[in-house]
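Each residue of the sequence shown is one higher than the one before, starting from 13 at the first, in the working numbering.
What follows is one structure encoded as structure tokens, with my remarks underneath.
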Amino acid sequence: MTTGPIVFLDVDGVLNSYDQLEESKRLRGMAPKHVAELARVLRETDAKVVVSSVWRFELNDDGSSRRGTRFRDELLEKGDDGRLVLKRIIGRTKDLWGKAPDKKSVRGFEIQTWREEHDHVGSFVIVDDDSDMGPLKPRLVKTDNALGLTRKEGDEMIRRLRGES
Ligand SMILES: [Mg+2]
């Protein structure tokens, strides 16, 4: 059984945003201000993290990361905040693209499958700039990918992880 609050974490559009690199029009890397906001949420809630982003393929099933991967290096570059995020990661979702009942809810299906396989009991939020969550949509705290994770979404995540709404 896995207990306690969990953040299901997307990366592109959450830990980076279009506004940081306007010229390239691409989402790239992770920005310190968004990593800091996630770290604030984790400090205030003691939540663990399960990575649901495409970046998860750089992680092992148990959430550990290999040296030299971009995922790990991007976080380590952010100092204490990034190290805290790394420490809180306990897993990653499976790639169930071909198995989800419908293409509009793939990520939600992958998250639900993780919770079932790990017998998760506790509050959880999904932070993502996309909405393909199916029945888990009420758990979504949606970011604007032009802004990334801001204090507004961070506060909402904290409220939900504490079970206040
Ligand atoms: Mg995204």
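Beta carbons are placed, not taken as given, at the ideal position from N, Cα and C, and that holds for glycine.
Provide the residue(s) that pair with residue i in DSSP beta bridges, ordered along the chain.
i, result
"Thr-81", "DSSP, once it has assigned bridges, lists no residue as partnering Thr-81."
"Phe-136", "Ile-18"
"Gly-41", "Answer is none; Gly-41 lacks a bridge partner."
"Lys-154", "Asp-140"
"Arg-104", "Val-63"
"Leu-71", "Ser-77"
Return the CA-CA distance between residue i and residue j, expressed in angstroms with no decimal places.
i, j, result
"Leu-88", "Lys-99", "11 Å"
"Asp-22", "Asp-92", "20 Å"
"Val-118", "Gly-146", "8 Å"
"Lys-60", "Arg-104", "11 Å"
"Arg-52", "Gly-166", "8 Å"
"Leu-27", "Val-63", "12 Å"
"Thr-155", "Val-139", "7 Å"
"His-46", "Gly-120", "23 Å"
"Val-153", "Ser-143", "9 Å"
"Glu-128", "Arg-40", "32 Å"
"Arg-174", "Leu-96", "19 Å"
Taking only three categories from DSSP, how would you classify residue i?
i, result
"Asp-142", "coil"
"Arg-163", "helix"
"Asp-24", "coil"
"Leu-50", "helix"
"Pro-113", "coil"
"Met-13", "coil"
"Gly-175", "coil"
"Asp-131", "coil"
Between residue i and ligand 1, is the CB less than 7 Å from at least one heavy atom?
i, result
"Asp-74", "no"
"Gly-25", "yes"
"Asp-156", "no"
"Asp-131", "no"
"Asp-140", "yes"
"Asp-22", "yes"
Assuming residue i and residue j are in contact, meaning their beta carbons sit under 8 Å apart, how far apart are those beta carbons, in whole angstroms?
i, j, result
"Met-13", "Asp-131", "4 Å"
"Ser-77", "Phe-83", "6 Å"
With a threshold of 7 Å, establish whether the CB of residue i neighbours any heavy atom of ligand 2.
i, result
"Phe-136", "Absent from the structure shown: ligand 2. Ligands present: ligand 1."
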